[in-house]
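Chemist:
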Amino acid sequence: GENVEQHPSTLSVQEGDSAVIKCTYSDSASNYFPWYKQELGKRPQLIIDIRSNVGEKKDQRIAVTLNKTAKHFSLHITETQPEDSAVYFCAASKARNSGYALNFGKGTSLLVTP
Amino acid sequence: SAVISQKPSRDICQRGTSLTIQCQVDSQVTMMFWYRQQPGQSLTLIATANQGSEATYESGFVIDKFPISRPNLTFSTLTVSNMSPEDSSIYLCSVVQGEGYGYTFGSGTRLTVV
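Chains A and B are the protein sequences, given in the same order. For the first sequence, my numbering gives the first residue as 910, with consecutive numbering after it. For the second sequence, my numbering gives the first residue as 21, with consecutive numbering after it.
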């Protein structure tokens, strides 16, 4: 089955700096790659996603890049703010609309210090 | 995107007992997914529930321990049976709608077994 590796497990940055979280996946059939933010005690919230026919996607301060050949994708957060502090999970899935579940990375705990 | 109502939000249960968790979706969905999130860990898929057929369980999870019902396209239950302290986790349901939508999560059930 799909194996998603995520690095780093913890990341501490100063407010205003950029943060980058990287993930690799094993199943070349995976074609959907979302990123979730989970604040303490809350459910995971989708922040951005990318499909395999796209190399990069951006939404304000958040961007995701995908390298299908190398089977890795990354989350980039620019101009970080203290409210960005949370655990971030990457995930991968095949054929989203056919009912395949998400396979999650182990998560990155991001701390943004003022 | 779909809105999921999950209950109970939390419970403290005695070992050896069972707890049934419910998820109600505000729209019809083909697949519902059940995850477990142990303290400080990532989300692990327990099973995929398709309406009208038996759920498909992931390695390490069995139907006798985690029976699932899926009576219609908007509702599912997960039962945690014969509980032990090792079952203390957050349990989440998830659905995916059609093209253009991400996977949505219920608010989770925080289970503590004493």
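Note that the Cβ used here is the ideal one computed from N, Cα and C, for glycine as well.
Which residues mark the beginning and the end of the beta strand (DSSP E) in which B:M52 is found?
Modeler: Where B:M52 is concerned, the enclosing beta strand (DSSP E) stretches over M51 to Q57.
Chemist: Quick test of your reading: A:F1013 and B:L63, contact by CB under 8 Å. State the CB separation rounded to the nearest angstrom.
Modeler: Going by Cβ atoms, the distance from A:F1013 to B:L63 rounds to 5 Å, so yes, they are a contact pair.
Chemist: Report yes if the C-beta distance between A:S961 and A:N940 is below 8 Å; otherwise report no.
Modeler: In this structure, A:N940 lies closer than 8 Å to A:S961 by Cβ.
Chemist: Taking only the alpha-carbon atoms, compute the straight-line gap between B:C33 and B:F86 and give it to the nearest angstrom.
Modeler: Approximately 16 Å between the Cα atoms of the pair.
Chemist: Would you report the Cα separation of B:L112 and A:T1022, rounded to the nearest angstrom?
Modeler: Approximately 30 Å between the Cα atoms of the pair.
Chemist: Given a cut-off of 8 Å on the beta-carbon distance, is the pair A:S927 and A:H981 in contact?
Modeler: Not in contact: A:S927 and A:H981 (Cβ atoms no closer than 8 Å).
Chemist: Which term fits A:Q969, buried or exposed, when burial requires 16 or more other beta carbons within 10 angstroms of its beta carbon?
Modeler: A:Q969 should be labelled exposed.
Chemist: Kindly list the residues whose CB is nearer than 6 Å to the CB of A:K931, restricted to its own chain and excluding five residues on each side of it in sequence; keep chain order.
Modeler: Same-chain partners within the cutoff: H916 and S983.
Chemist: Using the rule of at least 16 other Cβ atoms within 10 Å of the residue's Cβ for burial, across every protein chain shown, is B:I83 buried or exposed?
Modeler: Exposed: under 16 other Cβ atoms inside 10 Å.
Chemist: When you check each C-beta in the stretch 95-106 of chain B against every C-beta of chain A, which residues fall closer than 7 Å?
Modeler: So the list is empty, because no residue satisfies the distance condition.
Chemist: For the stretch 955-966 of chain A, which residues have a beta carbon sitting closer than 9 Å to at least one beta carbon of chain B?
Modeler: Under the 9 Å Cβ criterion, the stretch 955-966 of chain A contributes L955 and D958.
Chemist: Are at least three pairs of beta-carbons, each pair with one atom in the stretch 42-53 of chain B and one in the stretch 65-79 of chain B, less than 8 Å apart?
Modeler: Yes, since at least three Cβ pairs between the stretch 42-53 of chain B and the stretch 65-79 of chain B fall closer than 8 Å, the two stretches touch.
Chemist: Please report the distance separating the alpha-carbon of B:S21 from that of A:Y1009.
Modeler: C-alpha separation (whole angstroms): 18 Å.
Chemist: Which residues in chain D sit within 7 Å of B:F125, going by Cβ to Cβ distance?
Modeler: The structure shown contains no chain D; its protein chains are A and B.
Chemist: In the DSSP output, what is B:I110 paired with across the bridge?
Modeler: In DSSP, B:I110 forms a bridge with B:Q57 and B:R130.
Chemist: Using the beta-carbon of each residue, which ones in chain A are nearer than 9 Å to B:S38?
Modeler: Simply none; closest approach about 24 Å.
Chemist: For B:T132, which residues in chain A fall below 8 Å Cβ to Cβ?
Modeler: Ordered by position in chain A, no residue passes the 8 Å Cβ test against B:T132, which lies about 14 Å from the chain.
Chemist: With respect to 7 Å, is the separation between the Cβ of A:L955 and the closest non-hydrogen atom of the ligand PLP below this value?
Modeler: This structure lacks the ligand PLP; in fact it carries no ligand of any kind.
Chemist: Less than 8 Å between the CB atoms is what I'm expecting for B:G126 and B:Q61, so what's the real figure, rounded?
Modeler: With a Cβ gap of about 18 Å, B:G126 and B:Q61 do not count as contacting.
Chemist: I need the straight-line Cα distance from A:G925 to A:D993, nearest angstrom please.
Modeler: Each residue's Cα considered, the two are about 11 Å apart.
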